[in-house]
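So the sequence lines, in the order shown, correspond to chains X and R. To convert, note that position 254 of the first sequence is 255 in my numbering; the numbers rise steadily by one, no gaps. To convert, note that position 110 of the second sequence is 167 in my numbering; the numbers rise steadily by one, no gaps. The beta carbon of each residue, even a glycine, is placed where N, CA and C say it ideally should be. In this text, all values refer to a predicted model and were calculated from it rather than measured experimentally. A short write-up of the structure that comes next.
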Amino acid sequence: MNKKILIITDDADDSSNLVINWLLYFKADFIRLNGKVDFEVISITIENSRIKLLLKSQSTIINLDEISVFWYRRGNISMLTDEMDNPFVNYCKIENNALLEFIITKLDEKQMVNGYSHTDINKCQQLELAIKTNLKIPNTLITTSKKNLTSFLDTNKTIITKSIHAQIPIEIAGISNFLYTSDFNTTDVSNCSDYFFPTKFQTKIEKLFELRIFYLDRKFYAMAIFSQTNSRTKTDFRNYDRKDPNRNIPFKLPKQIKSKLTTIMKKLKLASGSIDMIVDKDGEYIFLEVNPIGQFGMVSIPCNYGIENIIAKKLIEY
Amino acid sequence: MSNSLEMKAPFILFTDCITVKGVNRSTILDLTRGVYYLIPNDLWSILNKEQGNTIEEIIIKYGTQNEDIVLGYFEFLTKRELIFFNSNKNLFPKINLKNWDIPSTIYQAIIDFKENFDCINFDVFHSLASLGCKYIQLRFYKNVNINEITEILENTVGLNILGIDLILKKHDGLSISELKRINKFLNVNNIFFYNANELKNDQSFDTKSPFNIYSFKDDISSHKQCGNISSSYFNVNLSNVSNSIKNNSCLNKKISIDSDGNIKNCPSMTESFGNIKTTRLESVVKNEKFRKYWSISKDKIDVCKTCEFRYICTDCRAYIEQPNDLYSKPLKCGYDPKTNVWDKWSTNPLKKRAIDYYKLNDI
Ligand code: SF4
Ligand code: SF4
């Protein structure tokens, strides 16, 4: 039987577009679903030691038997539901959720690179896992109290603030803003009320360079980002300087760092992900976070790693 | 002694900056920032042999009588942010520039128009898109009106083509304001007007148009005007440099259709691989003979292989100094890597034979 690749992504996701260009070039058989994916169940047959799953979404029929590999990138998966207002609403919701859970389990059994589960891993938990693996992390305080914050600033001298977990834009007056990592100084502290919403603070690391590492099946594709010479990009390299862009160059991770990161990825049950680290002035490697769904294009293109091509071949040869 | 320099720390050239050695001088190509620097071959040697050493060590090695020169080099390298200091050179492997590859059988196309618009009837745009073609240049050698242009562009709608450039003759039957009708073709990137004068200050055109408009005075009567080599065409970026190291920087993954519908590597070539009326592009690209120019990289071309510009320069295989030698230098390059002088190619007596051969006297 003809085996297909199933991809769930966003139409604006550059990294998946790059891979899909290769799939087209290799004339691979694939189904691409974009954006919010609502599955409609045609039939699920569980009998005689076999399971058949027939689904429909965005007017495409998906026969699970025909899917050889599933790659999840972006978007939400849910069940197609009618707006109902009757005594059965809650009942139907539970029925649908059970179906969805089963469908996702079956799809994730065929996952490659990323599946739908494990795409959102708590960042506090990541930091905990890092220290247990003997990877250094920045001193971290999550607090609601100005008093705590003041003493944290006293010990750490220079600190930054960043979100505890969320990475969604905040819309103010029609303009989307991301809360990037930013410096937090004495004046900022004195402007705080005595108690505030739980906020994360970290000691500011004097960095030599940052590392953006794409991890895939125990291989590391690492890139060093030199942004220090330019004060505008010192704190968060995503505030790009268009005129004099940062230098993004290939980097070879030392063995012991690789093995620690492999441990973390295994414990998080991730086959792939994007890891952020910092190398400080003393040459120490400091773990920041891992994003299961990483934009590998931003590593692959400047370093000429050809990750898109590697992923496309993995999907085809699976 | 300079006090702004780090004298005692091992230096490393950022690996997105690569050095290219020429006969008399070299270049540093800054692939991230898109600029190149001309440097003496002495500095090329330092950059290729001394990385991982400190400036102090280099001064000792090259002798104190050369101290000022060495310091001058490092001041330049530091000022341009081309180097950094780190004691572990092995952490920073070179970018692999030898694995250039793209998911397209054909990446770029040139289509010339003169009397007929056959390519509309023979499904050329679909063929191009299915071969992975992303950029198309449409060159018109006659006066066309806006209806004719939009009729052609209609054929590209819905195809995965990223960029279309139009090369048009400016004439009374085509007003700038009419170009608004092209706005809806989102993949049109640039419009070049030849035979045009005061276009630059033309206020009648909406500046918010999705494409750029350029104009130049010269009249372009035919494809014979193609193939000029000039430093203004130099292109310093990773993808282009990596392609040039491995392939021909003009013809790799290019296909063309001349104004008579003949399928060629480029319209200026004499060799045709069939006419679109009878031959499909898909079958032409499989032909080994059609691909013979693709892998002629600058490293294989006479003279160019010793030129410090070889990986950022364009190439031309249609007009070459020795028409019978596939590997001879582009005819329309006036640069001599031995003297580092740019001359006018068309008046060079040594090129007269080739100029006659291609009948380029009258252009
Ligand atoms: S080979 Fe020469 S004439 Fe042909 S497209 Fe290239 S530069 Fe132009
Ligand atoms: S010699 Fe070759 S590489 Fe150098 S400028 Fe001329 S055409 Fe370009």
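Beta-bridge pairing of Asp169 of chain R - partner residues as DSSP gives them
R:Arg196
Outcome for Met224 of chain X when other beta-carbon atoms lying within 10 angstroms are tallied against a minimum of 16:
buried
Where does Ser352 of chain R land, buried or exposed, given buried means 16+ other C-beta within 10 angstroms?
exposed
What is the DSSP secondary structure of Glu63 of chain R, counted as helix, strand or coil?
coil
Bridge partners of Gly120 of chain R, per DSSP?
Partner(s): none; Gly120 of chain R has no beta bridge.
At least one CB of chain R closer than 9 Å to the CB of Arg248 of chain X: is that the case?
yes
Is any non-hydrogen atom of ligand 1 found closer than 8 Å to the C-beta of Ala166 of chain R, if you look at the structure I gave you?
The closest heavy atom of ligand 1 lies 8 Å or more from the beta carbon of Ala166 of chain R.
Regarding Leu65 of chain X and ligand 1, is the C-beta to nearest heavy atom distance less than 8 Å?
Incorrect: Leu65 of chain X has no Cβ contact closer than 8 Å to ligand 1.
Assigned secondary structure, Asn333 of chain R (DSSP; H/G/I helix, E/B strand, else coil)
Here residue 333 of chain R is Ile; the residue named in the question, Asn, does not match the sequence. It is coil, neither helix nor strand.
Limits of the beta strand (DSSP E) - the one that Asp39 of chain X falls within:
Val38 to Glu48
Per-residue DSSP class, three states only, for Tyr130 of chain R:
Looking at Tyr130 of chain R - three-state DSSP - the assignment turns out to be helix.
Less than 9 Å separating the beta-carbons of Pro97 of chain R and Ala313 of chain X?
No, they are not a contact pair.
Any Cβ of chain R within less than 9 Å of the Cβ of Tyr222 of chain X?
no
First and last residue of the alpha helix (DSSP H) that includes Asp66 of chain X?
It is not in any alpha helix (DSSP H) - Asp66 of chain X carries neither H nor E in the DSSP assignment.
Tell me which same chain residues have a C-beta within less than 7 Å of the C-beta of Asn212 of chain R, skipping the five on either side of it?
Ile177 and Phe182
For Lys5 of chain X, the first and last residue of its enclosing beta strand (DSSP E):
First-last of the beta strand (DSSP E) with Lys5 of chain X: Lys5 to Thr10.
Along chain X, which residues have their Cβ under 9 Å away from the Cβ of Gly189 of chain R?
Asn22, Leu25 and Tyr26
At least 3 beta-carbon pairs within less than 8 Å: the region 250 to 270 of chain X vs the region 143 to 158 of chain R
yes
Looking at the C-beta of Gly298 of chain X, does it have a partner C-beta in chain R at a distance below 9 Å?
no
Anything in the region 92 to 109 of chain X with a Cβ closer than 9 Å to a Cβ of chain R? List those residues in chain order, please.
none
Just how far apart, CA to CA, sit Glu110 of chain X and Asn64 of chain X?
Take the alpha-carbon of Glu110 of chain X and the one of Asn64 of chain X: they are about 15 Å apart.
Can you pull the chain R neighbours of Asp86 of chain X, defined as C-beta to C-beta under 9 Å?
Under the 9 Å cutoff, chain R gives no residues; its nearest Cβ is about 41 Å from Asp86 of chain X.
Straight-line CA distance for Glu113 of chain R to Ile276 of chain X?
37 Å
Only counting runs of 4 or more residues, tell me where the alpha helix (DSSP H) segments fall wholly within the region 136 to 170 of chain X, in order along the chain.
147 to 157
Segments of 4+ residues assigned as alpha helix (DSSP H) that fall wholly inside the region 316 to 398 of chain R:
338 to 343
Same chain, Cβ closer than 8 Å to Tyr384 of chain R, five either side skipped, listed in chain order:
Same-chain partners within the cutoff: Ile353, Lys357, Ile358 and Asp359.
Does ligand 2 have a heavy atom nearer than 8 Å to the CB of Ile96 of chain R?
no
According to DSSP, residues forming a beta bridge with Ile214 of chain X
Ile214 of chain X is bridged to X:Ala223 and X:Ile276.
Regarding Val38 of chain X and ligand 2, is the C-beta to nearest heavy atom distance less than 8 Å?
no
Under 9 Å, do Phe185 of chain X and Phe202 of chain X count as touching if we go by C-beta distance?
In this structure, Phe202 of chain X lies closer than 9 Å to Phe185 of chain X by Cβ.
Three or more C-beta pairs closer than 8 Å, one from the region 161 to 174 of chain R and one from the region 309 to 328 of chain R: is that the case here?
yes
Mind checking which residues open and close the beta strand (DSSP E) that includes Phe202 of chain X?
Tyr196 to Thr204
Do Arg374 of chain R and ligand 4 come close, with the Cβ less than 8 Å from some heavy atom?
Annotation note on ligand 4: not contained in the displayed structure, which lists ligand 1 and ligand 2 as its ligands.
Inter-residue Cα distance where the pair is Asn23 of chain R and Leu128 of chain R:
Only positions 58 to 420 of chain R appear in the structure, and residue 23 of chain R is not among them; the question remains open.
Which same chain residues, not among the five before or five after Lys386 of chain R, have their C-beta less than 7 Å away from its C-beta?
Ile358, Asp359, Val360, Cys361, Ile377 and Glu378
Of all Cβ atoms in chain R, is any one closer than 9 Å to the Cβ of Tyr241 of chain X?
Any reading at Tyr241 of chain X needs caution, since the residue's pLDDT is 49, under 50, leaving its predicted position unreliable; the model's value is listed next. Closer than 9 Å: no.
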